[in-house]
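Going down the list, the protein sequences come from chains A and B. Residue numbering for the first sequence follows this note's numbering, starting at 2 and increasing by one per position. Residue numbering for the second sequence follows this note's numbering, starting at 13 and increasing by one per position.
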Amino acid sequence: MARLNINGEIRDIDVDPETPLLWVLREQAGLTGTKFGCGIAQCGACTVHLDGVATRSCALPISAVGPTQQIVTIEGLSEDGSHPVQQAWLELDVPQCGYCQAGMIMAAASLLSTTPKPTDEDINAEITNICRCGTYNRVRAAIKLAAENVSEAQKG
Amino acid sequence: MTVATLSRRNFLIGTAAAGGLSLGFYVPFPVEAQEKPTVLPEVNAWVVIHPDDTVVIRIARSEMGQGTLTGLSQLVAEELECDWLKVTTEYPTPGESLRRNRVWGSFSTGGSRGIRESHEYVRQGGAAARQMLVAAAATFWKVPAAECSTANGIITHNPSGRTVTYGAVASLAAQMPVPTQLTLKDPKDWKIAGKPLPRLDTRDKLTGKQVYGVDLSLPGMLNASIKACPVFGGKIRSFDAAAISTMPGVRKVVQVDQTSVAVVADTWWQAHSALSALPIVWDEGPNTGVNSDSIAAMLEEGLDAEEAVLGTSIGDAGSVLSGNAKIVSATYSFPYQAHATMEPMNATALYTPDKCEVWVPTQNGEASLAAAAQAAGLPIEDCEVHKLHLGGGFGRRGNYQEYVRQAVRLAKEFPGLPVKLIWSREEDMLHGAYHPVTQCRLKAALDSTGNVTALHMRISGQSILWPLRAEVRETGRDPAVFQGLNDGGAEGAFGYTIPNLLIDHAMRNPPVPPGFWRGVNLNQNALYLECFIDELAHEARIDPLDFRRKLLVNHPKHLAVLEAVAERVGWERPADTGIHRGLAQIMGFGSYVAAAAEVSVTDSQVKIHRIVAATNPGHVVNPAQAERQVEGSFVYGLSACLFGECTITGGRVEQENFDTYEVMRMDQMPAVETILMPSGDFWGGVGEPTIAVAGPAVLNAVFAATGKRIRKLPLKNNSLGA
């Protein structure tokens, strides 16, 4: 039995401790917004926040996740899609097929939490998720827009 | 202005399902509107309008990111004159379509055909619904329909000023006579179509709510992972099911067919873990000696073969090329590519002895249905397919429905329980329907003033249609091989006027399954042609733009897109220090495209700074989505140009995942400037054509930077050092 804190909710989950966090989220917790893309932490579709840091969940066994560590998935990023990154994504209509976008959004939110004004180099270094539809330029623009909107709001 | 004659039968079938109400059956609509509808308020097959004025537009083509749900809905809504803010969409099922005499037309979503091949009948669907709504209001008001006008989902009786909403008259409208003559709007008058509207399907993709095939959950559902013999043509000799049968959650180990075995378990992770532990002995079959070198040798032989199938032939290229003219020759090659959709292949099936249902992200719902019926061994009427959004398609999810057959086969082991099959990424990469391999030898004659007097393009390599069509196997002729190189036609008209032109194909089919890969054969054909034209310009010491201008003199649409990118990129002005430029143009998927690339090469490393791309697709239904398609096409095309290759060793693909199958990421993405220049006189596609100019524009710029011709793709295998 593993105890996990997922989106602020404590859950006791009866599963093989070697099961990757991704599959616990998808199959035991029923949170399918986090996607399976490669299984080897290469593509980033499975990105969630672990204590606020973007983490690829497909190759992380839950035995390595402590009961007090806060796991946040796309479903828990905001209640209603109101996170500044989600709002910027909406404003620029970023997704195409959308499959990689939850991972992109989680990676972007994590980047902005540590780097409120990311440069192109910051974005290149931190957003290494794969998108096969080709949304990269709009992802970049949306990250910058989210940064601006947050900064404007703080000036408020 | 288009006046269309409708198939009355189609629309009658459409309206008949609105509850079996006979035409002329009269219900005063204000009363009707207050009642909870007992039947779906379907005006016709395309349009359902609820009493709250919500408009549901039915779209048969699949949404895989390309925006077709939004674009086709714009076309329906334009003619319907409804309130765009109240529009939602739904997929009709393939089974429902068959029951209604295929009222929604083709479900096939590929070849950039979504808009260009269905624009007319979806607009007719919207226009017919609008006329029926007007007829309903006019009937109720007892006024001539001609005195009524529509806007934004409201019908107005102009003389009296009375108004009524679509939702209030929808049920009555369904009973109105089906119009047989429709006048479609002139695109000049479009208010919804042609506008850069946001997509209809964005919100759920930002919150994790969008359900893809892999996300489906059904009561009692089991999960499966599958493994096929990694060597093409290999089979299963044996496996030891007992070794894993006690692993957690395992329900059954199933040999799916001669080549593959699956584990069905409570969860996918359990199924996959058990499958990974399953001892399997393969009979690797006859292809273990096949590798990339042997395939290359097979194709090289075809370059010189006596026998070849004629594509385009004008004049007598052979004799000019064997004469005294200056001859330039080069050989290019293009490797296997995997689609690598972000969502791996999957399907969910529910089987009982008298019914089979499948839920699947598919580019062709009808092909999925046929596969389901075949695998279930049931009549097609007893099967149904529910389409789900695709996490990428790119051609992989159209013709090849093996995941559907596999899921049904597994579901037959558990009658009454749904089984969801998800391929691992490794399975996806090892068992693709790969972009085929070809090589091309180009040979041209140049006269003393730099005119191309003859050109021979010999393509040697694989046919996508060979496994699919008997006539291709019988004749050895695959017309798709010549995409972009045809003497006219929507699938790629050759733009250059060369007095002696010979384009032929020596079919060589290695034992690696080929498939339609976004852009298909236009990709490498454009690369061969446009890189070689650049070589000829260089040999003739003529600027590559001027060289093409002269050759394109008889094809103004080809030339216009090229001129547009040249002007935008500033071709006539020097580039910034260290920046070098390349150009390419082609016509395919019904559209004319060109690209200009700006690159720099430092320490043998290519950096692509900027792409300017122009497209003339005839009409643009949503410029914002067309722009996204063009941007995306460069990610797909440049991934292939820079890194993409599936190499073969021992009869199997070497790359199993994204660690070895490299694709473009954020840091490699250039700025893309999109020019849309619809000429208004035809309908072309936008999802694919610009992929084809991505590679050659960049490679021509790399030549400008380094003096090195990259003829063997991908670029990463070439040294750019001194």
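From the three backbone atoms N, C-alpha and C, an ideal C-beta is built for every residue, glycine too. None of the values given here were measured: they were computed from a predicted structure.
Residue environment, residue i, which counts as buried when at least 16 other CB atoms sit within 10 Å
i      : result
B/T195 : exposed
A/Q43  : buried
A/M2   : exposed
B/Q375 : buried
B/V524 : buried
B/R560 : buried
B/G173 : exposed
B/A89  : buried
B/L442 : buried
A/P85  : buried
B/Q78  : buried
B/L145 : buried
B/A385 : buried
B/P526 : buried
A/V16  : buried
B/N299 : buried
B/V293 : exposed
Pairwise C-alpha distance: residue j and residue i
i      : j      : result
B/D252 : B/V340 : 60 angstroms
B/Y372 : B/G404 : The sequence given here places Val at residue 372 of chain B; Tyr does not occur at that position. Cα to Cα, B/V372 sits roughly 13 angstroms from B/G404.
B/L725 : B/G126 : 30 angstroms
B/S616 : B/S731 : 7 angstroms
B/R481 : B/V266 : 31 angstroms
B/Q193 : B/P708 : 47 angstroms
B/L160 : B/E54  : With the sequence shown as reference, residue 160 of chain B is identified as Cys, and Leu is not the correct amino acid for it. Using only the alpha carbons, I get a separation of about 21 angstroms.
B/K200 : A/I11  : 58 angstroms
A/K145 : B/S345 : 40 angstroms
B/V493 : B/L322 : 11 angstroms
B/E551 : B/A505 : 25 angstroms
A/I63  : A/T35  : 15 angstroms
B/A148 : B/P106 : 30 angstroms
A/V151 : A/C134 : 28 angstroms
B/G245 : B/G297 : 6 angstroms
A/S58  : B/A163 : 50 angstroms
B/D269 : B/M357 : 17 angstroms
A/A142 : B/Q495 : 35 angstroms
B/P191 : B/E393 : 30 angstroms
B/G220 : B/S229 : 14 angstroms
B/S306 : B/H401 : 39 angstroms
B/E312 : B/Q413 : 32 angstroms
Within 7 angstroms, strictly: CB atoms of residue i and residue j
i      : j      : result
B/S475 : B/G314 : no
B/M354 : A/C101 : yes
B/I598 : B/A538 : yes
B/A713 : B/H517 : no
A/R139 : A/L93  : yes
B/V397 : B/L381 : yes
B/A329 : B/V276 : no
A/T33  : A/M107 : no
B/A342 : B/R723 : yes
B/G165 : B/D64  : no
**OP:** Below 9 angstroms between beta carbons is the criterion; list the residues of the region 65–99 of chain B that meet it against any residue of chain A, in chain order.
**Re:** E75, M76, G77, Q78 and G79
Original post:
For the region 85–107 of chain A, which residues have a beta carbon sitting closer than 7 angstroms to at least one beta carbon of chain B?
Top reply: Q87, W90, L91, D94, P96, Q97, C98, G99, Y100, C101, Q102, A103 and I106
Original post:
Are the region 634–649 of chain B and the region 694–705 of chain B touching by the rule of at least three beta carbon pairs closer than 8 angstroms?
Top reply: yes
**OP:** Assess, as a yes-or-no matter, whether the region 660–675 of chain B is touched by the region 528–542 of chain B under the definition of 3 or more beta carbon pairs within less than 8 angstroms.
**Re:** no
Subject >> Interface positions of the region 38–50 of chain A facing chain B (Cβ-Cβ less than 7 angstroms), listed along the chain >> reply: G38, C39, G40, I41, Q43, C44 and A46
Original post:
What residues from the region 529–559 of chain B come within 8 angstroms of chain A, judged by C-beta to C-beta, listed N to C?
Top reply: none
Original post:
Looking at chain A, which residues of the region 563–575 of chain B have a Cβ within less than 8 angstroms of any of its Cβ atoms?
Top reply: none
Subject >> Cβ contact (3+ pairs, closer than 8 angstroms) linking the region 278–286 of chain B and the region 325–337 of chain B >> reply: no
**OP:** Could you tell me whether the region 599–606 of chain B touches the region 161–181 of chain B, where touching means 3 or more Cβ pairs closer than 8 angstroms?
**Re:** no
Subject >> Within 8 angstroms of chain B by C-beta, residues of the region 136–157 of chain A in sequence order >> reply: T136, Y137, N138, R139, V140 and R141
Original post:
Between the region 235–254 of chain B and chain A, which residues of the former have a C-beta closer than 9 angstroms to a C-beta of the latter?
Top reply: N235
Original post:
Counting Cβ pairs, one atom from each stretch, are 3 or more of them under 8 angstroms apart for the region 106–121 of chain B and the region 180–187 of chain B?
Top reply: no
Subject >> Selection of the region 218–236 of chain B by Cβ proximity to chain A, strictly under 9 angstroms >> reply: L218, T219, G220, K221, Q222, V223, Y224, V226, D227, L228, S229 and N235
Original post:
Name the residues in the region 492–515 of chain B whose C-beta lies less than 8 angstroms from a C-beta of chain A; which are they?
Top reply: none
Original post:
Taking any Cβ of chain A, which residues in the region 648–675 of chain B have a Cβ under 7 angstroms from it, in chain order?
Top reply: Y648, N669, F670, D671 and V675
Original post:
Listed from N- to C-terminal order along the chain, which residues in the region 395–409 of chain B have their beta-carbon within a distance smaller than 9 angstroms of any beta-carbon of chain A?
Top reply: H401, L402, G403, G404, G405 and F406
**OP:** Determine which residues of the region 58–77 of chain A have a Cβ less than 8 angstroms from any Cβ of chain B, and write them out in chain order.
**Re:** T74, I75 and E76
**OP:** Would you list, in chain order, the members of the region 4–22 of chain A that have their beta-carbon closer than 9 angstroms to a beta-carbon of chain D?
**Re:** Absent from the structure: chain D. Protein chains present are A and B.
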